[in-house]
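The structure appears below as structure tokens.
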Amino acid sequence: MGIKNKGYTLPQLMVTAAAREIADNEVIFVGMRLPMLSFFLAKSTHAPNAVGVYELGIVRDTVAPEGILTMGDLPNLFRAQWLADTADAMGLLQQGFVDASFIGGAQVDRFGNLNTSYIGSVENVDTRLPGSGGACDLASLGKRHIIIMAHQKHRFVPRVDYITSPGYGEGPGWRQQMGLTGGGPSAVITTLGVLHFDPDTCEMTLTSVHPGVTVDEVLENTGWPLQIAAELSQTPEPTDAELSMLRRFDPKGYWTGA
Amino acid sequence: MGIKNKGYTLPQLMVTAAAREIADNEVIFVGMRLPMLSFFLAKSTHAPNAVGVYELGIVRDTVAPEGILTMGDLPNLFRAQWLADTADAMGLLQQGFVDASFIGGAQVDRFGNLNTSYIGSVENVDTRLPGSGGACDLASLGKRHIIIMAHQKHRFVPRVDYITSPGYGEGPGWRQQMGLTGGGPSAVITTLGVLHFDPDTCEMTLTSVHPGVTVDEVLENTGWPLQIAAELSQTPEPTDAELSMLRRFDPKGYWTGA
Amino acid sequence: MSDSKLLSLSRAIARFVPDSSQVVMGTSLETFIPFAAGHELIRQRKRDLTLIGPISDILFDQVVGGGCVHKIRAAWVGNVITGSGYNFRRAVEGGTIEMEDHSNLTVSMALRAGAMGVPFMPARTALGSDLFKTNTSLKVISCPFTGDTLAAVAAINPDVAIIHVQRADEYGNAHAWGNLGITREACMASRHVIITAEEIVSPDVITSDPNRVITPGFRVSAVVHAPWGAHPSPVPGYYNRDHQGFIDYRTASKTSETFADWQARWVDAVHSSDDYLRLLGEERVAELALNHHVIPEAVDYGY
Amino acid sequence: MSDSKLLSLSRAIARFVPDSSQVVMGTSLETFIPFAAGHELIRQRKRDLTLIGPISDILFDQVVGGGCVHKIRAAWVGNVITGSGYNFRRAVEGGTIEMEDHSNLTVSMALRAGAMGVPFMPARTALGSDLFKTNTSLKVISCPFTGDTLAAVAAINPDVAIIHVQRADEYGNAHAWGNLGITREACMASRHVIITAEEIVSPDVITSDPNRVITPGFRVSAVVHAPWGAHPSPVPGYYNRDHQGFIDYRTASKTSETFADWQARWVDAVHSSDDYLRLLGEERVAELALNHHVIPEAVDYGY
Chain A
9 MGIKNKGYTL
19 PQLMVTAAAR
29 EIADNEVIFV
39 GMRLPMLSFF
49 LAKSTHAPNA
59 VGVYELGIVR
69 DTVAPEGILT
79 MGDLPNLFRA
89 QWLADTADAM
99 GLLQQGFVDA
109 SFIGGAQVDR
119 FGNLNTSYIG
129 SVENVDTRLP
139 GSGGACDLAS
149 LGKRHIIIMA
159 HQKHRFVPRV
169 DYITSPGYGE
179 GPGWRQQMGL
189 TGGGPSAVIT
199 TLGVLHFDPD
209 TCEMTLTSVH
219 PGVTVDEVLE
229 NTGWPLQIAA
239 ELSQTPEPTD
249 AELSMLRRFD
259 PKGYWTGA
Chain B
9 MGIKNKGYTL
19 PQLMVTAAAR
29 EIADNEVIFV
39 GMRLPMLSFF
49 LAKSTHAPNA
59 VGVYELGIVR
69 DTVAPEGILT
79 MGDLPNLFRA
89 QWLADTADAM
99 GLLQQGFVDA
109 SFIGGAQVDR
119 FGNLNTSYIG
129 SVENVDTRLP
139 GSGGACDLAS
149 LGKRHIIIMA
159 HQKHRFVPRV
169 DYITSPGYGE
179 GPGWRQQMGL
189 TGGGPSAVIT
199 TLGVLHFDPD
209 TCEMTLTSVH
219 PGVTVDEVLE
229 NTGWPLQIAA
239 ELSQTPEPTD
249 AELSMLRRFD
259 PKGYWTGA
Chain C
39 MSDSKLLSLS
49 RAIARFVPDS
59 SQVVMGTSLE
69 TFIPFAAGHE
79 LIRQRKRDLT
89 LIGPISDILF
99 DQVVGGGCVH
109 KIRAAWVGNV
119 ITGSGYNFRR
129 AVEGGTIEME
139 DHSNLTVSMA
149 LRAGAMGVPF
159 MPARTALGSD
169 LFKTNTSLKV
179 ISCPFTGDTL
189 AAVAAINPDV
199 AIIHVQRADE
209 YGNAHAWGNL
219 GITREACMAS
229 RHVIITAEEI
239 VSPDVITSDP
249 NRVITPGFRV
259 SAVVHAPWGA
269 HPSPVPGYYN
279 RDHQGFIDYR
289 TASKTSETFA
299 DWQARWVDAV
309 HSSDDYLRLL
319 GEERVAELAL
329 NHHVIPEAVD
339 YGY
Chain D
39 MSDSKLLSLS
49 RAIARFVPDS
59 SQVVMGTSLE
69 TFIPFAAGHE
79 LIRQRKRDLT
89 LIGPISDILF
99 DQVVGGGCVH
109 KIRAAWVGNV
119 ITGSGYNFRR
129 AVEGGTIEME
139 DHSNLTVSMA
149 LRAGAMGVPF
159 MPARTALGSD
169 LFKTNTSLKV
179 ISCPFTGDTL
189 AAVAAINPDV
199 AIIHVQRADE
209 YGNAHAWGNL
219 GITREACMAS
229 RHVIITAEEI
239 VSPDVITSDP
249 NRVITPGFRV
259 SAVVHAPWGA
269 HPSPVPGYYN
279 RDHQGFIDYR
289 TASKTSETFA
299 DWQARWVDAV
309 HSSDDYLRLL
319 GEERVAELAL
329 NHHVIPEAVD
339 YGY
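First to last, the sequence lines map onto chains A, B, C and D.
Take any residue in the first sequence, note its place counting from 1, add 8, and you have its number in the working numbering.
Take any residue in the second sequence, note its place counting from 1, add 8, and you have its number in the working numbering.
Take any residue in the third sequence, note its place counting from 1, add 38, and you have its number in the working numbering.
Take any residue in the fourth sequence, note its place counting from 1, add 38, and you have its number in the working numbering.
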């Protein structure tokens with residue numbers, strides 16, 4: 009993958025890239041795994057006033073005082089701003105108070121539709137995945153969402169087998185037609201690079217590649233003819249300060265270890 | 009009114025009669041004023057396991073430790089079983105967990121429809137009354153409700169000017185037709201007697217007169233030809249035990265004074 | 039941490055309740071009624087307000103009497119222990135205010151719809167009633183699954199919720215305990231939330247018990263220190279209901295003239311909670327104090 | 039006061055969870071997962087259950103592995119920190135269980151509809167998604183007021199909710215603090231509620247803080263004393279999450295054979311919370327203890 013011996017791991021690079029998608033003062037619906045670390049990193053660096061909303065019924069504007077593996081670990085409840093119901097968190101989301109969220113996926117397509125439910129078909133299931141959780145809600149209702157996933161050809165497919173979390177569906181105008189009032193995916197952070205969505209075509213477009221990754225490598229691992237941005241950059245590496253933060257949030261390297 | 013010098017007041021008689029409409033173990037949605045006293049009296053005598061649900065978000069299975077004038081007086085919150093939302097109380101009601109409730113009214117008609125909103129017409133208001141509060145919900149959703157009101161000809165009218173709280177509408181089948189899934193008024197406790205509803209015709213029928221009240225007096229004060237039960241009785245008088253309870257719940261006689 | 043949202047009552051009302059606002063208040067029914075804030079609406083001569091609430095007790099009657107109200111969307115307006123609200127009666131009978139008649143359940147569902155970001159909520163109440171005649175926020179619908187006849191209640195998203203609580207920090211995080219009525223949905227549904235609080239406390243007090251917080255601080259626009267701000271209604275942990283205040287108000291509000299006197303004395307001449315307490319008198323204040331206490335069994339939010 | 043509802047875990051499950059029941063559990067998502075009760079379902083060889091919940095973590099996977107499940111109505115089934123639930127995968131891929139695919143919001147709305155006694159609730163989520171293909175409880179509707187396209191979610195009224203809490207009295211009044219997920223609506227919507235509690239306390243403890251009660255006692259059918267009943271998930275005030283338990287379970291559940299060994303050791307051989315704690319070992323139990331404490335600032339519910 010080309011980032012060995014650079015002093016950081018691939019997950020650390022991805023978490024850092026994802027954190028940069030968060031602006032200060034934003035309300036973030038925080039998902040599990042890497043997204044949680046991205047939120048913590050953003051809060052501790054450039055977005056100190058970001059507020060975190062968690063689907064299990066937590067709002068907090070501070071980082072948990074100790075490394076945690078799930079959003080329900082007790083340090084994440086400790087001195088929270090609000091402990092409430094899932095519906096309360098979802099109400100904030102559905103009203104449009106959530107600026108951004110992060111979602112992982114097993115399959116994604118050129119319009120950012122995500123599948124975390126069924127590989128194969130519903131009638132003839134090859135692989136059953138865990139399902140939506142809150143992902144479908146975040147993809148439907150947030151102002152924007154950021155996708156984080158492994159960049160592999162069997163995951164980056166022309167058309168997902170099942171839409172768990174709607175992206176731009178079949179292209180421009182589709183969300184409005186379905187009744188989705190706004191939002192849609194804004195970025196995809198992968199193991200190879202960062203992609204954004206073309207505002208006109210709604211198509212995923214490669215905007216940066218990770219250090220040591222070539223564009224050809226990205227194209228080979230994408231199941232459709234991928235659009236490349238005119239100004240393609242290299243994904244910025246995590247700084248030492250970011251890395252030391254990340255080690256605090258994930259002290260055992262459970263999520264971001266090599 | 010004929011009950012002077014009997015050692016109890018008319019409101020005390022009415023509250024006692026209303027209390028007898030509650031059975032043990034029932035869940036009662038407790039309204040303001042006399043109904044609250046009726047519930048307390050029932051709980052302290054023949055219905056010790058009755059549970060009280062209050063629209064402001066209180067469930068309690070004990071009587072408030074001190075006389076109160078509103079359901080929101082702090083003694084009614086003291087050691088409550090549940091302090092919650094109005095919607096929680098209404099959910100119990102709408103699901104069908106409430107056995108009985110009490111409603112007052114300014115106008116009632118032969119089918120038990122109640123008006124606590126507009127006298128005259130909506131376009132040309134003679135008198136504006138306070139409105140529904142929770143009464144419309146109780147009348148719509150409880151398994152049964154008991155009406156408590158003054159028995160006067162201008163209040164007992166052939167057809168109410170405005171249906172705030174639906175009774176049997178225009179007669180048999182009306183509630184089902186409107187989409188109301190059950191319930192309806194079961195009794196009316198008035199200043200002159202007690203009335204129940206004929207299961208076949210849904211019409212209000214006089215079943216007992218208060219001590220010293222004649223049937224003619226009731227008929228004169230009713231705005232339509234009132235049905236009289238074949239077995240007409242006299243409303244039982246409050247016992248000494250009931251009266252002493254009532255004095256505890258309403259120590260200053262605010263509701264039940266002469 | 040964000041900037042402080044602590045404002046004086048007059049600045050909070052001036053800034054977040056312009057004329058023609060839709061205002062939800064009195065959301066806990068008989069408890070926590072934000073009288074101090076309501077009186078400030080009158081003092082500032084607000085005009086064309088729409089008042090939203092469940093039963094309101096006498097607060098709505100006062101604001102109507104102050105000439106501030108264009109429309110009421112509520113289930114009940116009056117004086118809980120004495121009956122009619124006379125300013126309200128005069129205004130409706132005189133045709134000077136519009137009325138949207140709710141039940142307690144429909145107003146709760148309207149705000150829950152607002153809080154959940156959906157345009158309506160279904161209910162089984164009010165079917166066959168005349169509320170449908172005087173409330174265009176109600177429609178009869180069929181359930182898409184069962185075919186049941188239902189009442190659809192249109193969402194209400196007020197411009198501002200005015201909520202009285204026991205304690206809040208300066209960032210808008212507020213604790214309330216006691217019955218909550220429709221407070222949670224009112225806060226969630228409203229564009230702005232003004233918190234008036236018996237006490238302003240440090241954020242550490244609030245984060246010591248996050249289950250008591252009624253709405254997240256980032257949704258709150260202003261925090262006001264308003265001791266005795268709910269008198270004559272009760273506030274759990276602080277003071278009992280002052281029944282005499284409601285009984286006196288009944289008499290005072292019987293005519294427009296007597297109401298004007300009441301307003302001059304109890305509203306226009308009052309410029310602070312100290313003024314108000316002086317008017318009330320020490321003896322009356324002392325009578326409302328709690329004499330029996332229940333301190334909850336401890337819990338631990340540690341890790 | 040009514041009769042005591044205190045039962046042993048085995049009697050509560052035997053009595054209130056017959057075969058073919060619709061069971062909602064795991065309602066607080068990652069916290070308070072009622073593992074002890076779930077294991078009792080397996081020990082009693084329940085059959086044809088329908089499991090309802092939001093994310094379930096590994097509890098649903100275990101009950102599926104135990105052969106108790108006919109259908110799942112949930113948003114997510116797996117192992118939060120490791121990914122897939124292998125019993126669940128095998129069962130769906132093998133066609134032995136039916137699936138109704140929800141999102142966290144739709145399952146909450148389904149239970150809120152049940153709790154409010156209405157046959158559906160509207161939402162704006164999942165529109166355009168394939169959840170509509172694998173969930174007949176979802177339909178597309180138009181708002182009767184705005185014409186907006188909405189998702190209607192059909193009500194779910196489970197036969198029984200199994201809820202783990204910190205403390206309860208023997209009459210079914212229970213305190214829970216922490217994040218509550220969909221617990222409130224699950225309790226309200228269900229015909230029966232089984233409470234499993236870390237501690238059984240006197241009613242005075244519960245009535246000292248009525249805002250912490252999750253559902254009124256008269257709606258509860260059974261109360262079970264189940265210390266450590268949510269392990270390896272965390273319980274605020276009692277113990278931290280035992281991540282190793284989830285990691286070990288991942289390995290143990292990889293094949294049907296290894297799962298059978300796991301079930302024999304961790305479920306079938308366990309007959310009490312003492313058995314379970316012995317199996318866990320003192321050292322591991324000690325590691326999960328809280329080391330940092332936050333005791334809330336006091337409040338007063340007096341008068």
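Backbone N, C-alpha and C fix where the C-beta goes; we use that ideal spot for every residue, glycine too.
- Residue 198 of chain A and residue 157 of chain D have their C-alpha atoms some 42 Å from each other.
- Between the alpha carbons of residue 99 of chain A and residue 153 of chain C lies a gap of roughly 6 Å.
- Contact annotation: residue 26 of chain B and residue 218 of chain C have beta-carbon atoms that are not nearer than 8 Å.
- Taking a 10 Å sphere around the C-beta of residue 184 of chain A, we find fewer than 16 other C-beta atoms and assign the residue as exposed.
- Assignment of beta-bridge partners to residue 293 of chain C by DSSP yields no partner.
- Contact of residue 221 of chain C with chain A by beta-carbon distance below 8 Å is absent, the smallest such distance being about 13 Å.
- With a threshold of 16 other beta carbon atoms within 10 Å, residue 81 of chain A meets it and is buried.
- For residue 166 of chain C, the closest alpha carbon among the candidates B/195, B/171, B/28 is that of B/171.
- Taking residue 71 of chain A as reference, the option from A/63, A/77, A/52 with the minimal CA-CA separation is A/52.
- For residue 204 of chain D, there is no enclosing alpha helix (DSSP H); the residue is found in the beta strand (DSSP E) stretching over 198-206.
- Along the segment 48-64 of chain C, there is no position whose C-beta sits under 7 Å from a C-beta of chain D.
- About 11 Å separates the CB atoms of residue 214 of chain B and residue 238 of chain B; that is not less than 8 Å, and the two are not in contact.
- Residue 319 of chain C and residue 265 of chain C have their C-alpha atoms spaced approximately 15 Å apart.
- If the five residues before and after residue 177 of chain C are omitted, its C-beta is found closer than 6 Å to the C-beta atoms of 190, all from its own chain and listed in chain order.
- The beta strand (DSSP E) runs of length 3 or more contained entirely in the segment 39-102 of chain A are, from start to end of the chain, 59-62, 66-68.
- A Cβ-Cβ separation of about 7 Å places residue 64 of chain C in contact with residue 98 of chain C under the 8 Å criterion.
- Counting only Cβ-Cβ distances below 8 Å, residue 86 of chain B has contacts in chain C at 330, 332, in chain order.
- Classified as buried, residue 141 of chain C has 16 or more neighbouring CB atoms from the shown chains inside 10 Å of its CB.
- The beta-carbon of residue 186 of chain D is placed less than 8 Å from the nearest beta-carbon of chain C.
- Residue state for residue 187 of chain D is assigned as strand, using DSSP reduced to three classes.
- By a beta-carbon distance limit of 8 Å, residue 282 of chain D does not contact residue 197 of chain D. Their separation comes to about 34 Å.
- Residues 17, 19, 20, 23, 45, 254, 258 of the same chain have their beta carbon placed closer than 7 Å to that of residue 264 of chain B, with the five preceding and five following residues left out of the count.
- Contact annotation: residue 301 of chain C and residue 104 of chain C have beta-carbon atoms nearer than 8 Å.
- DSSP places residue 77 of chain C inside the alpha helix (DSSP H), whose first and last residues are 73-81.
- Contacts between residue 217 of chain C and chain A, judged by CB atoms closer than 9 Å, are missing: the closest CB pair is about 17 Å apart.
- The continuous stretches of beta strand (DSSP E) do not include residue 140 of chain A, and DSSP gives it neither H nor E.
- Within chain C, 171, 172 have C-beta atoms less than 7 Å from the C-beta of residue 130 of chain B, given in sequence order.
- Taking a cut-off of 8 Å on C-beta distances, the segment 65-77 of chain C touches the segment 228-237 of chain C, as three or more cross pairs fall below it.
- Residues of the segment 90-122 of chain B with a Cβ closer than 7 Å to any Cβ of chain C, in chain order: 91, 92, 93, 94, 95, 98, 102.
- In this structure, residue 139 of chain B and residue 148 of chain B do not form a Cβ contact; the two beta carbons are roughly 15 Å apart against a cut-off of 8 Å.
- Residues of the segment 100-134 of chain C whose Cβ lies closer than 8 Å to any Cβ of chain D: none.
- At a C-beta separation below 9 Å, residue 286 of chain C has no neighbours in chain B, since its nearest C-beta there lies roughly 14 Å away.
- Residue 19 of chain A carries a helical assignment under DSSP once its states are collapsed to helix, strand and coil.
- A distance below 8 Å separates the beta carbons of residue 90 of chain B and residue 251 of chain D.
- The Cβ of residue 213 of chain C sits no closer than 8 Å to any Cβ of chain B.
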